[in-house]
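In the working numbering, the protein residues as written are 994 to 1241.
Backbone N, C-alpha and C fix where the C-beta goes; we use that ideal spot for every residue, glycine too.
Worksheet: one structure, shown below.
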C-alpha cells in the first residue's frame, strides 16, 4: 500500500482524512492555497508523520493524493505535478456556491469527469464525498469490525480503484465500487447514498447549525451491502439542483 499520502486542501475533509492516515502509520504531506506556514498548528497536532508543503510539493510527494478542495477550485489542482498519480476527488458540485456549469447541469459530464479532464495525466477516483468530516473519523473501524462502514468509489481505472480501496481499508472503511466516473452521479448530492445514511435523522436546520450538529453525533454505521443497494436505486437528477450542505 502507498506509504505517503499527499493532501491538497486542509479544510475539514482533508484534515479528517489526514488524521486517519497518520493513525494508520502513513506519512502525510499537507497543503492548502494559503501556504505551508498556515498549517503549523495542524501539523503539530498530527505529529511527526505529518509535514506541510505547497500543493505542488504535496502532489509530487504523495504515492496517492487526496484532493479535498471545494469544487469551484478544481482548476488550481497542479496537473503537471499530479501526472501519473491516483487522485481521490472528494468534491461535490453546488451551483449556488460554485456557479452553474452547463456540462454538469445537463448531465453531459459529472463533476469528477470534469476534474479528470483537467487532470488528463492522472487517474481520478471519486471518494470520501458522501460523508461529513466528523463522521469520517468517528465511523472508522478496523477491518472485520461488525460495525464497519463502507464508502462508494467510482473511477475509470481498475488499478487506481484498487489502490484507493487499499487506502480506504487502512483508514477504516470498506470500498464499494459503483462504476466509472460517468456513473459517479450515483454518489452526488441528493442521491440516497449521500450523507444522510451516515447520520440517521437529520434535523431541519440551516447549513451552520447542521455542521454543528454533525460534530455532536457519532454517526450511523452503514455496511457495504447497504451502500451498494442505495447506489443501485439512485435516480439521476439535475446536478444544478443540488442543495444539501457539505464541506467538499
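Legend entry - Coarse secondary structure for residue 1096, derived from DSSP in three states: Three-state DSSP puts residue 1096 in a helix.
Legend entry - Simplified DSSP state of residue 1240, which is helix, strand or coil: Any reading at residue 1240 needs caution, since the residue's pLDDT is 39, under 50, leaving its predicted position unreliable; the model's value is listed next. Residue 1240 falls in the coil class under three-state DSSP.
Legend entry - Integer Cβ distance of residue 1252 from residue 1170, believed to fall under 8 Å: Summary: the structure shown does not reach residue 1252, with the chain confined to residues 994 through 1241, and so no result is reported for it.
Legend entry - Stretch-stretch touch, CB-based, cutoff 8 Å, three pairs: the stretch 1088–1098 with the stretch 1114–1132: A contact between stretches requires three or more CB pairs, one per stretch, nearer than 8 Å, and the stretch 1088–1098 fails this requirement with the stretch 1114–1132.
Legend entry - 6 Å CB neighbourhood of residue 1059 in its chain, flanking five on each side removed: So the list reads 1000, 1010, 1081, once near-sequence residues are dropped.
Legend entry - Closest Cα partner of residue 1070 within the set 1095, 1114, 1035, 1032: Of the listed residues, the one whose Cα sits closest to residue 1070 is 1114.
Legend entry - Sequence-distant residues of its chain with Cβ nearer than 7 Å to residue 1008 (five each side left out): The beta carbon of residue 1008 sits closer than 7 Å to the beta carbons of 1035 from its chain, once the five residues preceding and following it are set aside; these are given in chain order.
Inset, instruction - Tell me residue 1204's beta-bridge partners as DSSP assigns them. - result: Answer is none; residue 1204 lacks a bridge partner.
Legend entry - Start and end residues, beta strand (DSSP E) containing residue 1078: Annotation for residue 1078: no beta strand (DSSP E) segment contains it, and DSSP assigns it neither H nor E.
Inset, instruction - Confirm, please, whether the CB-CB distance from residue 998 to residue 1032 is below 8 Å. - result: Cβ distance not < 8 Å, so residue 1032 and residue 998 don't count as in contact.
Inset, instruction - Jot down the residue ranges of each uninterrupted alpha helix (DSSP H) in the stretch 1021–1089, minimum 4 residues, whole runs only, in chain order. - result: Segments of the alpha helix (DSSP H) lying fully in the stretch 1021–1089: 1033–1039, 1048–1054, 1072–1075.
Legend entry - With 16 other Cβ atoms within 10 Å as the buried cut-off, status of residue 1201: By the 10 Å Cβ count, residue 1201 comes out exposed.
Legend entry - Residues near residue 1184 in its chain [Cβ-Cβ closer than 6 Å; skip 5 each side]: So the list reads 1227, once near-sequence residues are dropped.
Legend entry - Beta-carbon separation (whole angstroms), residue 1006 vs residue 1061, contact threshold 8 Å: Residue 1006 to residue 1061, Cβ: 4 Å. Contact.
Legend entry - residue 1147 - DSSP class collapsed to helix/strand/coil: Strand at residue 1147.
Inset, instruction - Hey, could you find the ends of the alpha helix (DSSP H) residue 946 is sitting in? - result: With the chain running from 994 to 1241 in the structure shown, residue 946 is simply not present.
Inset, instruction - Whole angstroms is fine: what's the gap from residue 1067's alpha carbon to residue 1131's? - result: In a straight line, the C-alpha of residue 1067 is about 28 Å away from that of residue 1131.
Legend entry - Run of the alpha helix (DSSP H) containing residue 1267, from where it starts to where it stops: What the structure shows of the chain is the stretch from 994 to 1241, and residue 1267 is not part of that stretch, so it cannot be assessed.
Legend entry - Rounded straight-line distance, which links the Cα of residue 1097 to that of residue 1017: When rounded, the distance between both Cα atoms is 36 Å.
Inset, instruction - May I ask you to list the residues that DSSP assigns as paired with residue 1119? - result: DSSP links residue 1119 through a beta bridge to 1082, 1147.
Inset, instruction - Go to residue 1220, then tell me how far its alpha helix (DSSP H) extends in each direction, as first and last residue. - result: Looking at the DSSP string, the run of the alpha helix (DSSP H) that includes residue 1220 is 1217–1225.
Inset, instruction - Using a Cβ cut-off of 8 Å (strictly closer), state whether residue 1053 contacts chain B. - result: The structure shown contains no chain B; it holds only a single protein chain.
Legend entry - Reference residue 1129, options 1083, 1077, 1063, closest by Cα: Ranking 1083, 1077, 1063 by CA distance to the CA of residue 1129 puts 1083 first.
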